[in-house]
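Residue numbers (my numbering): 67 to 123.
Presented below is the structure to which this report refers.
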């Protein structure tokens, strides 16, 4: 199993905190990698929403 690290960077050079995504396959297309990242980000966002509406964040 491998780990792919994502680090977001703006055009001005500012870098966000990186995070990793575990990959079980040896080969993976760029399309699938992007799909998995978006899926993970949406899942994390949806998990935070109930706490935001309750004023816990």
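Where is the CB? At the ideal position from N, CA and C, for every residue including glycine.
According to the DSSP secondary-structure assignment, residue 81 is paired through a beta bridge with 75.
Residue 70 is bridged by DSSP to 87. Only residues of its own chain outside the window of five on either side were considered, and among them 69, 70, 71 have a CB closer than 7 Å to the CB of residue 86, listed in chain order. In this structure, DSSP gives residue 99 a helical state, which the three-state scheme calls helix.
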